[in-house]
Amino acid sequence: MKHRMILSAAILGSATIALAACSEAGDPSAEYAEASYDADASLSVSSDAMAEAGGADGSAVPELADIAISMPQLAYTYDYRWRMAAEEIGSLQRRHASLCEQQGASACQILGMTKTGEEADNVQGVLEMAIASRQARAFGALLEDEAESSGAEQISAEIASEELSKRMVDTEARLRARTQLRDRLMDVLTTRNGTVEELVEAERSVARVNEEIDQARSWLNEMQGRVAYSRVTVRYETGMPITNDFMTPVQGALGSLGSIFGYVIALLILVGSALLPIGLAIWAVRIARRRLIPAETAAD
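So, in structure tokens, the structure goes:
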């Protein structure tokens, strides 16, 4: 009977946890709001009990140990944007990638590298890297030195961060709770006390809990990776800087003459293709009329 009661309680707990996971699958932190409240309430009750115990005999209430404060878990992202001549983009992009490789695979990894556009037109490039967070600032300085030595102009430099401490703590609590539930269910299965239906349901509950444990571990590993490695994105582009040079608008107008002439010729071709058949039809009608009029005059 005792084992059956344990089995029923474990299955009920699994069903409750699974229902909470379905309702809050996108955010694991919401599932532990009630657990956090219970912990706070327990701490409050313990403090009140200690206060009453100390006041009963007139002795001083013992001081609680200081609560350990963990450092904030921040995921940083760095974004740099550079402007330079089109023919210099590919070379600078490759040198930046070499800087990442020189740091070693454990410190810097290249996530992606793209370059689009023609050499004489608007060229754009993107280099994405993951750098160890402790070296991110120093690595950004290396990128800037390399770009400045190539004559590139820095357009923008942004640093952003995301606080992940609460989500990581909540996910760790989720993982501990699921692990404890899985252990209780395994104890019930080990004893083999209960009906066949109860044992089958317990095995299904173990499978569901194991799936939730794997999901929680995946979330935790992903967040720990974001904290350990910062994402660095370097963007390269061409563009005409704003100047007060008198010849700049003149050169722009001369450069656009070719396109203007092309549009005019294209328009003439379209108009000619539409009017040519009409002109041929009118010409054929006139020729036919000229031939018929002399024939009628001769008959009269």
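My numbering puts the first residue of the sequence shown at 1276, with every later residue one more than the last. All residues carry an ideal CB built from backbone N, CA and C; glycine is no exception. Fair warning: this is a prediction, and the values are worked out from it, not measured in the lab.
Per DSSP, what kind of secondary structure is T1391 in: helix, strand or coil? strand
Distance, Cα to Cα, S1493 vs V1444? 14 angstroms
Starting from V1471, trace the alpha helix (DSSP H) in both directions and tell me its first and last residue. V1471 to A1503
Just tell me which of G1387, M1346 and P1347 has its CA closest to the CA of R1510. G1387
Distance between D1462 and L1431 (C-alpha atoms, nearest Å): Note that residue 1431 corresponds to Ser in the displayed sequence, not to Leu. About 59 angstroms.
Nearest-angstrom beta carbon gap, L1439 and V1502 [assumed within contact, 8 angstroms]: 6 angstroms
Residue interval of the beta strand (DSSP E) (run including M1359): Counting along the chain, M1359 falls outside any beta strand (DSSP E), and DSSP gives it neither H nor E.
Near Q1378, which residues of its chain fall below 6 angstroms by C-beta distance, leaving aside the five closest residues on each side in sequence? none
Name the two residues that bound the continuous alpha helix (DSSP H) containing M1404. Taken as a continuous stretch (DSSP letters only), M1404 belongs to no alpha helix (DSSP H), being part of the beta strand (DSSP E) at Q1399 to A1407.
For E1306, three-class secondary structure by DSSP: Below a pLDDT of 50, predicted positions are generally treated as unreliable, and E1306, at 42, falls in that range; the measurement from the model is reported next regardless. Correct three-state label for E1306: helix.
With a threshold of 8 angstroms, are at least 3 pairs of Cβ atoms found where one atom belongs to the region 1447 to 1466 and the other to the region 1411 to 1423? no
L1386 - DSSP class collapsed to helix/strand/coil: strand
Using the C-alpha atoms, what's the distance from Q1429 back to R1358? 6 angstroms
Compute every distance between the C-beta of E1472 and the non-hydrogen atoms of the ligand ATP, then say whether any falls below 6 angstroms. Absence of the ligand ATP from the depicted structure is noted, as is the absence of any ligand whatsoever, leaving it without description.
Considering just the uninterrupted stretch of the beta strand (DSSP E) at Q1429, what are its terminal residues? E1428 to E1438
Pair every Cβ in the region 1465 to 1472 with every Cβ in the region 1389 to 1408, then say whether three or more of these pairs are closer than 8 angstroms. no
State the CB to CB distance for the pair A1405 and L1367, rounded to an integer number of angstroms; the pair is presumed to be in contact (CB under 8 angstroms). Actually they are not in contact, since the Cβ atoms of A1405 and L1367 sit about 20 angstroms apart, beyond 8 angstroms.
Do V1481 and L1460 have their beta-carbon atoms positioned less than 7 angstroms apart in this structure? yes
Once the 5 residues before and after C1375 are set aside, which same chain residues still bring their CB inside 6 angstroms of it? C1383, I1385 and M1404
What's the gap between the Cα of R1369 and the Cα of Y1351? 24 angstroms
Exposed or buried, V1398, counting other C-beta atoms within 10 Å across all chains shown (16 or more means buried)? buried
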